[in-house]
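Notes follow once the structure below has been shown.
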Amino acid sequence: MHNYYENARNMAVDILRKESTRSTDLIRATAEKVVQAMSILAPSENIDLEALIVELLHLFSVTVQDATVLEDHDPTLHTPWLPDRKGSIKWRFWNRYMTYLEREFGMPPTVVNSLHALTDMILERIEEPARNGPWDRRGMVVGSVQSGKTANYVGLINKAVDAGYKLVIVLAGIHSNLRAQTQLRVDEGVLGFDTQKTRKLDQKSQWVGVGKLPGEKLVIHSLTSSDENGDFNKTIANTVGVMIGSDPVVLVIKKNSSVLKNLVNWVLHVGGSEDAVSGKKIIRNVPLLLIDDEADNASINTKDRAGSASNEVTAINGRIRQLLDAFEKSAYVGYTATPFANIFINPDAETPDHGEDLFPRSFIINVKPPSNYVGPSKVFGLDGDVDAGIPAMDELDIVREIDDYAVPSAFPPGHRSDHHPTELPASLRKAIRCFILTCAARRARGQEKKHNSMLIHVTRFVNVQGHVVELVRNELMGLQRRIEFGDGNRVPTLRKELQDLWESEFVPVSQDLGDEAGAFVCWQQVDSELHAAAAKIQTVTINGFAKEALDYKDHENDGRSVIAVGGDKLSRGLTLEGLSVSYFLRTTRMYDALMQMGRWFGYRPGYLDLCRLFTTGMLKNWYRYIALADEELRREFDYMVVAGLTPEKYGLRVRTHPTGMIVTALNKMSHGETRQLSWAGTLVQTTDLPKELSLIRANLTSTEKLLTVLGAPDAGNDLHPKIWRSVKAELVASFIAALKYPALSAGASGEQLATFIRKQHTKIPVELTEWTVVLLSNAKPSDDRKREIEGHSVGLLERNPESQTATTYRLNKSNILSPADESRDFENLVFDRKWYDQVAWKPDLFEDRDWLEEMVDQQAYHVALELTKRWKENGKLRAPKSDAYERPNGRVLRILRPRERGLLLIYPLLPPNKIKADRQGREEEPTGLAADGEPIIGVALSFPPSETALGCEYRVNRVWKTEMEDDDRYDDDD
């Protein structure tokens, strides 16, 4: 039945692909015709017509945005070549792989087409393999967690081999099981034979993946295998009898300094010749493609410090560079889902022994995931930024906050390696029950041969993991017995518990997700599959010491269901097939640690509504924050693409961007390293506010002191906002430094921002010397919101809290700013000749100078609004909706603001006494604050961009690292 269904799907896809438009009616009619035809060929087979229609609708509804690229356009370093050669290359490997993706993998046609275009984009930029003379290309592809980067670089390998690359090496993580998993994907997608049986294509080969397709068996070899111990070995390489430079050869190796050292020595031994100039051995006329998977992990030289003359390098980084340096012709492509960590590599770092560092100087490609991708923004929601074209998104109703684990008998925070948990918290027992229901529901939906996985990550310590596995295994066995044999007189029965859980937990979510949910199944259908589903589940340990393996490959025909308990090996790179339920405890604020947890992102066709993530409120909030930071840096990338800038320029921008500081992994920043942070061109706003009365009072007092010095406002009376112009920089700096907010509330401390402001108005040329200060106010408040602040009447503003701790609360959508407020300093002012002369030199306005000059002597607000519309039309700005630019955009306002001017917005807020109930039905939470209490002061600062702004020096020390990490840090050998 399974093969007949796939044949029917493939036939329908082939028919529909030829149609220019594919309506629901056409898809249904095509499916009916195909099923009717199949019923004639196989009368005994019952193909589920409705399931086929649902899958076809899904396949043809997926959309993919085009990737964007920053590149170095130096014609002496690279010559465009692919368009001229594309017609003469026989794309045998690529065409075979494309057929495999469509027919065996079931990849949507639009995604295959996008992959085709994207791999062309990369291949064009790495270099023509037949190009004469030495060349060396360095690039990076930035994707999303679990979005299909392996399929991407497997596609690139196929095209590179077709184009003439003779040696392809894949660096596949730091763990043996991840390397073996990657090798298996290469076996299936490139080689076509099982490397555990033979590494050289011959008559003994056992066909897998693309090798099972009808047609010619393409000649290609491997020097590594998909066995756990199948990494590169010099002895085995010599016995295989494959020489580099003739038939194409692919290796998949672990990022291990010994393995890399042996590989470098071997390739130089079998293919190297002495260079007359340097005296070193070099390999000529063998173009190398080196693909670095998880390029932000272990590949970066963390010993390199800014300003240091030391040539010290980390072992793995040094060996990778030596490998590239050994070839006359080489291309390096790093793949990462941790955006821009590799940007922090020093682009000028080079040593005589290792060659150039791995900065992606040639190109950086930002890959957009397809519309069916389930990523951080979709799972946790997104705090929108209209000015940046980032729409707000609600979180999926699949995340469950938990707090019952933090007891001595379970998984208390800060536990050590000798901790012995004695019981599972109720939330974990519930998660296991959810997993059983998910497995049963997927069987009821006809997915009985699909893999199912559950992830449990509660500790990094191997010893503690052993205790957890024992507890989980006992819990699972008890549930399996009760499902099979019943509960006797026990009340309520387990089946009744599971029915209640299904109807309260799963049915509402399936209804809420609508088309994104799988096919509807009722409790009776789920109940009938419970025993078969539960009996199939096994518990395994995944760490450096466990002998158990996931072994999905051995269950291709019947599917495997596992509960995987582990630490670091579960967290980075390793794919858990059919992951549906995750139970994750980890307290960290740093980006790459959060991304390591992202095994639950990816694609969930037909079972998204069955997925659940049990985690802490802190992690949920940080993920939401990081998702916006990630989106902001990617939008900055696209903006610089439009401006035609290079990877090095973008690297400089990210290295000085405050958000770049937050999203960069701690282990990429050496102890004692100094960073220069700049807030030029950014909007900074307080998003976490204090609940402690002493801090509320202190911030109000600081505000009153500032208002006393400012005196009478230049504009605004009664309850309207008050505006002061030409305020001295030191007044603003002193005020900001005195404010007391939770750590990272504004992405920086008040002292850092004050230091940055002071640096600008004391340097040459001077900047930020004049400030506009605005005290915001609700002009029509109810009587209970009216206040007096240092003689100024204000109506308190309301901002809804999203979450809270004992001492702080976070603003809903992380915004204190009302977007229209950022244009307050443009109101009732004329954009005169002096103003034009102050801003026309800015690179962002280069293409608009003539137009801008025509706008001289018009109202400044009008100029900003018209430039916003102009930029929207030419693609410099993106809006989440068509009417989003009925007011000036924030980026435009900051660019039009002269570098001498800054904007400070002061928000007196009504103390919120409740956090409103969310859509999961929880009750409103009291905050402990009284609405008639003293105003809570929040601020926003808008900085103009500047090419000459001095950065604020920031030293990464142990104290800061400790604040950003928790005690539950990962060990390399975990």
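Our numbering applies: residue 7 is where the sequence shown begins, and numbers increase by one.
Beta carbons: idealized from backbone N, C-alpha and C, even for Gly.
Quick caveat: nothing in here was measured; it's all calculated off a predicted structure.
Contact annotation: A686 and A955 have beta-carbon atoms nearer than 8 Å. The C-alpha of V270 is placed about 13 Å away from the C-alpha of L173.
Distance from the CA atom of N244 to the CA atom of F238, rounded to whole angstroms, is 11 Å.
Per DSSP, the beta bridge partners of E356 are E362. In summary, E280 is exposed, with fewer than 16 beta-carbon neighbours lying within 10 Å of its beta-carbon over all protein chains present. L883 and E872 have their alpha carbons spaced roughly 13 Å apart.
Under the three-state reduction of DSSP output, Q202 falls in the coil class, being neither helix nor strand.
Here DSSP, grouped into helix, strand and coil, assigns T622 to coil. F333 is bridged by DSSP to I289. Between N323 and the set L266, N372, N291, A337, the nearest pair of CA atoms involves L266. Its chain contains T499, L500 as the residues whose beta carbon lies nearer than 7 Å to that of D493, once the 5 sequence neighbours on both sides are disregarded; these appear in chain order.
Below 8 Å, enough C-beta pairs join the region 15–35 and the region 103–117 to call them touching: three or more.
For N101, the enclosing alpha helix (DSSP H) starts and ends at 98–109.
Within a 10 Å sphere around the beta-carbon of M249 sit fewer than 16 other beta-carbons, which makes this residue exposed.
The alpha-carbon of V385 is positioned some 15 Å away from that of Y589. According to DSSP, A398 shares a beta bridge with no other residue. The C-alpha of Y11 lies about 8 Å from the C-alpha of D54.
For a cut-off of 8 Å, the C-beta gap from I795 to P914 is around 6 Å, short enough to register as a contact. The region 141–153 and the region 184–201 do not touch, with fewer than 3 CB-CB distances between them shorter than 8 Å.
By the C-beta density criterion, R830 is buried, having at least 16 other C-beta atoms within 10 angstroms. In the three-state reduction of the DSSP assignment, P382 falls in the helix class, which pools H, G and I. When the Cα atoms are used, V532 and K96 turn out to be separated by approximately 50 Å. Looking at the DSSP output, H122 sits in no beta bridge, so it has no partner there. Under the rule that a run must span 4 or more residues, the alpha helix (DSSP H) segments found entirely inside the region 445–520 read 468–491, 500–507, 513–519. Under the 8 Å Cβ criterion, the region 724–733 does not count as touching the region 422–429, having fewer than three qualifying pairs. Closest option to N138, judged by alpha-carbon separation, among S120, P293, D938, V60: P293. In the structure shown, the three-state DSSP call for R731 is strand. Within the region 145–205, the complete beta strand (DSSP E) segments at least 3 residues long are 173–178, listed from N- to C-terminus.
In this structure, G524 places its C-beta atom within 8 Å of the C-beta atom of G612. Counting only residues of its own chain and dropping the five nearest sequence neighbours on each side, F441 has a CB closer than 6 Å to the CB of M460, V587. Taking C-alpha positions only, L177 is separated from E654 by approximately 24 Å. In the DSSP secondary-structure assignment, W213 is bridged to F199. Contact between the region 789–805 and the region 893–905 is absent: fewer than three C-beta pairs spanning the two stretches fall below 8 Å.
In this structure, L224 lies away from G195, with their beta-carbon atoms at least 8 Å apart.
Here the region 540–548 makes no contact with the region 504–523; the two share fewer than three CB pairs at distances below 8 Å. Look at N268 here: in three-state DSSP terms it is helix.
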